[in-house]
Every structure is written in C-alpha cells, then in structure tokens.
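Participant: Please find one structure pasted underneath; my questions will follow.
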Amino acid sequence: MTSRTCKQQHPATRDDIGDLVTRRPLPGAGLPQLDPFLFLNHHGPQTYPANNHGLPFGPHPHRGFETVTFILEGELAHLDSGGHESVITQGGIQWMTAGAGLVHAEISPASFKRHGGPLEILQLWVNLPSRLKMSNPAYTGLQQDQIPVIEAAGGKATVNLISGEFGHQHGPFISLTGVTMMTVQCRAGAEITLPAPAGRTVFCYVVNGALTLGGEALKAHHLIEMNEDGDCVALTAHSDAVILYGHADPIGEPVVSYGPFVMNSRDEINQAIADYQSGQFGNVEVDSHH
C-alpha cells in the first residue's frame with residue numbers, strides 16, 4: 057500500500073446565505089470540479105436561537121446529478137415532488153438522485169425553528185454520466201443508527217460508512233455510479249489509512265481539526281486534491297478531527313451547469329429549464345406545519 061500525496065489544498069470561500077454560515081470549497085477559484093464531484097457546501101457550525109426562521113432552502117428543482125447531505129449537527133426536513141418526506145437528525149444522511157428532474161425543499165422542522173439549537177450540515181453534489189442523467193428520481197434518508205460505524209486506527213477513529221466499501225463492510229446507500237463515501241472522526245494521535253483505488257478520484261474535505269498527510273499539514277475548511285501516486289491515503293490526526301472522504305470513477309464528459317441543472321450541453325440545459333417551467337418536475341407544497 058502506497059499513500060497518495062497532497063497535490064493542492066483548496067480553501068473554502070465564505071459565502072453566507074442570510075444568517076446561515078456557509079463555506080464552499082468546491083467549485084473554487086483553482087478547481088472548477090473534481091470529476092465526478094461538482095459542489096460542496098459546508099453550513100455552520102453555528103447555534104440557532106429560539107424562534108428562528110430555519111434553513112432557507114425552499115422548493116427548487118434539480119436535474120442531472122445527485123445530492124448527498126450529511127447532518128453533522130441539528131436536523132433537516134426533506135420534501136420532494138416524488139412524494140418523499142423525512143426528518144433526518146444528527147449523524148443521518150440524505151441521498152437524492154435528481155436524475156430526470158425533481159423539486160425538493162430542505163427546511164428546518166417546526167421544533168427546530170421553535171427551540172433552535174446547533175446546526176452543521178454538508179451538502180455534496182455528485183455528477184451522473186450522460187447515460188444516467190435522465191434516471192428516475194429517487195430519495196433515501198437514513199438516521200445515524202442505520203449507518204455502519206466501523207472502528208479504525210486501533211479505536212482512535214470511527215468511520216461512518218455511507219456507500220461503497222471499507223474493510224469488509226458495505227455502506228447502506230447503493231450509488232448508481234459506485235461512489236464510496238464516508239465521514240471519519242479521529243481522536244488526537246489516530247493514524248488511519250483510507251482506500252484510494254487506482255484510477256479513482258479521491259474526495260477529502262477537512263471539516264475541522266488538524267491532520268497531516270505524508271508530513272504535510274492539512275488545513276481545516278480545505279478540500280485536499282490528491283496526486284494519483286498511491287492506492288490509499290494515510291492520515292495522522294494531531295487533534296480531534298472530522299473529514300468527509302470518498303472516491304469515485306471520473307466521468308470524463310463535458311459539464312455544463314446552470315444553477316440547479318448539470319448536463320452535458322447547453323441544449324440540454326435549455327431543455328431542462330423548459331421542462332421545469334412547463335411543470336414536468338412536479339411541485340412541493342411547504343405548508344406552515346413544517
């Protein structure tokens with residue numbers, strides 16, 4: 057096993073949405089995408105007061121990719137035009153395949169708006185190849201106790217395995233494109249080796265804490281772009297730390313994005329806009345009790 061080395065560390069840009077603290081490492085100035093990973097928003101950590109307005113993500117459409125949402129703290133209500141509805145709490149995951157087109161809302165449950173509390177959420181956009189862009193929309197929301205927790209680094213780290221494989225375990229989400237995804241919590245002194253199979257794009261975002269990769273200090277709120285020079289990633293934690301980690305096959309197709317649509321051509325974007333405006337994506341009614 058040879059560890060990949062760090063090619064570049066890409067800082068997250070601060071881009072708050074109303075009162076929601078938001079950092080975005082991808083896309084960034086030096087990194088338009090990390091094929092097939094398109095976009096990452098890091099909301100919080102922050103504490104909402106009682107009687108807050110909650111999250112600002114009312115009904116909006118998507119086509120051509122998948123969204124994976126990691127609720128590190130707090131809770132999140134999901135509704136979509138496919139009839140899926142759930143409230144996922146701390147440690148849970150939402151995986152939505154927008155595919156051919158879906159309208160969804162990601163808002164705070166009434167109880168959170170009433171009482172407030174801590175909130176930290178990551179949302180990752182994963183591209184789909186042209187042959188899968190018009191897949192049937194789908195949604196799965198799982199709570200923390202439905203996601204395998206695997207001890208690693210001699211008990212000094214835990215891996216929450218979301219999709220793909222780690223060790224001999226499999227994550228509960230079945231990715232259309234074979235994406236492996238996990239969150240990793242390390243305690244100070246943990247030395248952990250994560251898989252990075254040849255030819256795969258590695259995704260590694262430092263949510264918080266101090267780690268090193270091959271002697272190079274990794275910075276919090278940075279996306280770590282790797283060289284393709286190994287089949288694993290060997291990290292050492294120097295404090296408590298949390299990372300979002302995964303790997304996937306690059307797609308290698310043109311990416312044309314326009315707001316919430318990600319397709320292969322401008323014509324397909326125009327079609328997506330027309331389809332959405334003509335009502336083909338359906339709608340979501342967000343009423344006052346949510």
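Add 56 to the 1-based position in the sequence shown for the numbering used here, that's all there is to it. Virtual Cβ for every residue (Gly too), placed ideally from N, Cα, C. No experiment lies behind these values; they were computed from the predicted model shown.
Please look up how many angstroms separate the CB atoms of His277 and His98, rounded, as I've assumed it's under 8 angstroms.
Facilitator: So it is a contact: roughly 7 angstroms between Cβ atoms.
Participant: Less than 6 angstroms between C-beta atoms, sequence neighbours within five positions excluded: which residues of the same chain meet that for Ala208?
Facilitator: Val215, Ile248.
Participant: Assign Asn283 to one of two classes, buried (16 or more other C-beta atoms within 10 Å of its C-beta) or exposed (fewer than that).
Facilitator: Exposed.
Participant: Please confirm whether any heavy atom of the ligand NAP lies closer than 7 angstroms to the CB of Gly210.
Facilitator: You won't find the ligand NAP in this model; it holds no ligand whatsoever.
Participant: Comparing C-alpha positions only, which one of Asp201, Ala244, His171 sits nearest to Gly210?
Facilitator: Gly210 has its Cα closest to that of Ala244, out of Asp201, Ala244, His171.
Participant: Alpha carbon to alpha carbon, how far is Ala254 from Pro105?
Facilitator: Spanning the two alpha carbons is a distance of roughly 47 angstroms.
Participant: Are Gln241 and Ala266 close, meaning C-beta to C-beta below 8 angstroms?
Facilitator: For Gln241 and Ala266, no; Cβs fall outside 8 angstroms.
Participant: Grouping DSSP H, G and I as helix and E and B as strand, with all else coil, what is Glu272?
Facilitator: Strand.
Participant: Around the Cβ of Pro81, are there at least 16 other Cβ atoms within 10 angstroms (buried) or fewer (exposed)?
Facilitator: Pro81 should be labelled buried.
Participant: Leaving out five residues before and five after Gln225 in sequence, what residues of the same chain have Cβ atoms less than 7 angstroms from its Cβ?
Facilitator: So the qualifying residues of the chain are Pro204, Ile206, Leu217.
Participant: At 3 residues or longer, what runs of the beta strand (DSSP E) sit wholly inside the region 203-270?
Facilitator: Entirely contained in the region 203-270, the beta strand (DSSP E) runs reaching 3 residues are, in chain order, 205-208, 213-219, 236-242, 247-251, 257-264, 267-269.
Participant: Kindly indicate the opening and closing residues of the alpha helix (DSSP H) around Phe168.
Facilitator: Taken as a continuous stretch (DSSP letters only), the alpha helix (DSSP H) holding Phe168 covers 166-171.
Participant: Sort Gln179, Leu178, Ser164 by Cα distance to Gly172 and report the nearest one.
Facilitator: Selected option, being the one with the closest Cα: Ser164.
Participant: Could you give the uninterrupted runs of the beta strand (DSSP E) lying entirely in the region 277-332, keeping only those of 3 residues or more?
Facilitator: The region 277-332 contains these whole beta strand (DSSP E) runs: 278-282, 288-293, 297-304, 312-314, 317-319.
Participant: According to DSSP, is Asp91 part of a helix, a strand, or is it coil?
Facilitator: Here Asp91 sits in coil by DSSP.
Participant: Counting along the chain, where does the beta strand (DSSP E) carrying Ile144 start and finish?
Facilitator: Residues 141-145.
Participant: When the Cα of Pro174 is compared with those of Gln199, Val77, Phe222, Gly220, which residue comes out closest?
Facilitator: Pro174 has its Cα closest to that of Val77, out of Gln199, Val77, Phe222, Gly220.
Participant: Please go through the same chain and pick out, in chain order, the residues whose beta-carbon is closer than 8 angstroms to the beta-carbon of Glu272, but skip the five residues on each side of it.
Facilitator: The residues are Thr61, Cys62.
Participant: From what residue to what residue does the beta strand (DSSP E) around Arg187 run?
Facilitator: Neither: Arg187 is in no beta strand (DSSP E) and is coded neither H nor E.
Participant: List, from N- to C-terminal side, the beta strand (DSSP E) runs of 3 residues or more that fit wholly inside the region 99-133.
Facilitator: Qualifying beta strand (DSSP E) stretches, in chain order: 113-118, 121-129.
Participant: Under the rule that 16 or more other beta-carbon atoms within 10 Å means buried, what is Val318, buried or exposed?
Facilitator: The residue in question, Val318, is buried, as its Cβ has 16 or more Cβ neighbours within 10 Å.
Participant: Would you grab the beta carbon distance between Pro306 and Thr257 for me? Rounded to a whole angstrom, and I think it's under 8 angstroms.
Facilitator: Rounded, the Cβ-Cβ distance is 5 angstroms, consistent with contact.
Participant: Looking at the structure shown, is Gln179 part of a helix, part of a strand, or coil, going by DSSP?
Facilitator: Three-state DSSP puts Gln179 in a strand.
Participant: Relative to the C-alpha of Val159, which residue among Ala166, Gly120, Asn183 is closest?
Facilitator: Looking at the Cα atoms, Gly120 is the closest of the given residues.
Participant: In whole angstroms, what separates the C-alpha of Pro251 from that of Lys275?
Facilitator: So the two alpha carbons sit approximately 21 angstroms from each other.
Participant: Taking the beta carbon of Gly155 as the centre, do at least 16 other beta carbons fall within 10 Å, making it buried, or is it exposed?
Facilitator: Buried, since its Cβ has 16 or more Cβ neighbours within 10 Å.
Participant: Under three-state DSSP, which class holds Asp136?
Facilitator: The answer is strand: DSSP assigns Asp136 an E or B state.
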